[in-house]
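**Student:** The sequence shown: position 186 = 862 (our numbering), numbered continuously.
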Amino acid sequence: MAKTGTIVIDPGHGGQVEVGDSSANNAISASGVLEKNITLRMAFLVREQLLSIAAAEGHQLIILLTRESDVNLGLAARAKVAKTNKANLFLSIHCNASIGHNARGTETLISPVTDGNTNHLADKAFAQLIQNAVFNTIKSHDVNARDRGVKDQSLGVLKDKHLGTTTRACLVELEFIDVKAVDILLNIGPNSPQVRTNIANAIARTLVESLE
Ligand SMILES: [Zn+2]
């Protein structure tokens, strides 16, 4: 069945300075690749896969990225792209890191009810599908993948007051890029372009399926 909808993809971070609680960069991979560049590249790949699926299956999609270059914008401004465009879905893409550089796994975050999230259940269902898509893809390439699940977390980019109450929204932390094995898997290994494409395809397929 052909679907219609507006999807906003938010590549985390960007630029050189903090803007409205959005830091220029957070995680850095074991070989020095910056999270802000990984998130932008993944957003481009997801859009490419969405356009390809839409063309093949006749879906009418409006796909918006909150940024398309190495610039930063505030967390509220990112969310407002969804509100302004009455988006059905909002997906923020990030990567993780840990103090001991030894944590692994994929997790997806949603705005808690205590943060004024009026469509928490819908967000949770959407987030679980995104979580499954990313985790299962990474698992298919790496036995050390770990499913950290869907979690409530208060984040400016996910607040309904900025997003609008009808947009389903979540933030996926793809993996912990400060781990060498993850860096090889996602960024610098010979198979990393294929892994990235597979993750983007799984996300894009989930986004299309999540449209009503
Ligand atoms: Zn981040």
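The C-beta atom is built at its ideal place from N, Cα and C for all residues, glycine as well. None of the values given here were measured: they were computed from a predicted structure.
For Asp697, count neighbouring Cβ atoms within 10 angstroms of its own Cβ and tell me buried if that reaches 16, exposed if not.
**Tutor:** Within the sequence shown, residue 697 is the residue found at index 21, counting from 1. Classification of Asp697: exposed, given that the 10 Å Cβ count is below 16.
**Student:** So the candidates are Thr843, Ala706 and Asn748; which of them puts its Cα closest to the Cα of Leu767?
**Tutor:** For the purposes of this step, residue 767 is taken as the residue at position 91 of the sequence shown. That would be Thr843, whose Cα lies nearest to the Cα of Leu767.
**Student:** Going residue by residue through the segment 823-847, where are the continuous alpha helix (DSSP H) segments of at least 4 residues, counting only ones entirely within it?
**Tutor:** DSSP runs (the alpha helix (DSSP H)) wholly in the segment 823-847: 836-839.
**Student:** If I measure Cβ to Cβ from Ile806 and keep anything under 7 angstroms in the same chain, skipping five residues before and after, which residues do I get?
**Tutor:** As a position in the sequence shown, residue 806 is number 130, starting the count at 1. The residues are Leu767, Thr784, Cys846, Val848, Ile879 and Thr882.
**Student:** Counting only runs of 3+ residues fully inside the segment 745-803, write out the beta strand (DSSP E) ranges in chain order.
**Tutor:** Entirely contained in the segment 745-803, the beta strand (DSSP E) runs reaching 3 residues are, in chain order, 765-772 and 782-786.
**Student:** For the alpha helix (DSSP H) that contains Asp859, what are its first and last residues?
**Tutor:** By one-based count along the sequence shown, residue 859 stands at place 183. Per DSSP, Asp859 belongs to the alpha helix (DSSP H) from Lys856 to Asp859.
**Student:** Just checking Gly688 against ligand 1 - is the residue's beta carbon closer than 7 angstroms to any of the ligand's heavy atoms?
**Tutor:** By 1-based counting over the sequence shown, the position of residue 688 is 12. Gly688 Cβ: within cutoff of ligand 1.
**Student:** Would you tell me roughly how many angstroms separate the C-alpha atoms of Ile775 and Glu733, rounded to the nearest one?
**Tutor:** By 1-based counting over the sequence shown, the position of residue 775 is 99. By 1-based counting over the sequence shown, the position of residue 733 is 57. Straight-line Cα distance between these residues: approximately 44 angstroms.
**Student:** Do three or more CB pairs link the segment 814-823 to the segment 855-866 at distances below 8 angstroms?
**Tutor:** Yes, they touch.
**Student:** Does Thr682 come out as helix, strand or coil in the three-state DSSP assignment?
**Tutor:** Mapped onto the sequence shown, residue 682 falls at position 6. Looking at Thr682 - three-state DSSP - the assignment turns out to be strand.
**Student:** Pick helix, strand or coil for Asn736, following the three-state DSSP scheme.
**Tutor:** Indexing the sequence shown from 1 puts residue 736 at position 60. Just to set this straight, residue 736 is Gln in the shown sequence, not Asn. In the structure shown, Gln736 sits in a strand (DSSP, three-state: E or B).
**Student:** Could you work out which residue in His735, Gln725 and Gly688 is closest to Ala678 when comparing CA atoms only?
**Tutor:** What you label residue 678 is simply residue 2 of the sequence shown in a count that begins at 1. The shortest C-alpha separation from Ala678 is found at His735.
**Student:** Should His770 be labelled buried (16 or more other beta-carbon atoms within 10 Å of its own) or exposed?
**Tutor:** The residue given as residue 770 occupies position 94 in the sequence shown. Classification of His770: buried, given that the 10 Å Cβ count is 16 or more.
**Student:** Would Gly792 pass as a contact of Asp828 if the rule is Cβ separation under 8 angstroms?
**Tutor:** Start at 1 with the first residue of the sequence shown, and residue 792 comes out as number 116. Start at 1 with the first residue of the sequence shown, and residue 828 comes out as number 152. No. Outside cutoff.
**Student:** Could you tell me the boundaries of the alpha helix (DSSP H) in which Asn874 lies?
**Tutor:** Reading the sequence shown from its first residue, position 198 is the one you call residue 874. Start and end: Ser868 to Ser886.
**Student:** Using CA coordinates, which residue listed in Ala857, Leu721 and Asn808 is at the minimum distance from Asp823?
**Tutor:** Counting from 1 along the sequence shown, the entry for residue 823 is found at position 147. Closest option to Asp823, Cα to Cα, is Asn808.
**Student:** Would you report the Cα separation of Val684 and Ala857, rounded to the nearest angstrom?
**Tutor:** Translated into positions along the sequence shown, residue 684 becomes position 8. Translated into positions along the sequence shown, residue 857 becomes position 181. Looking at the two C-alpha atoms, the distance is approximately 30 angstroms.
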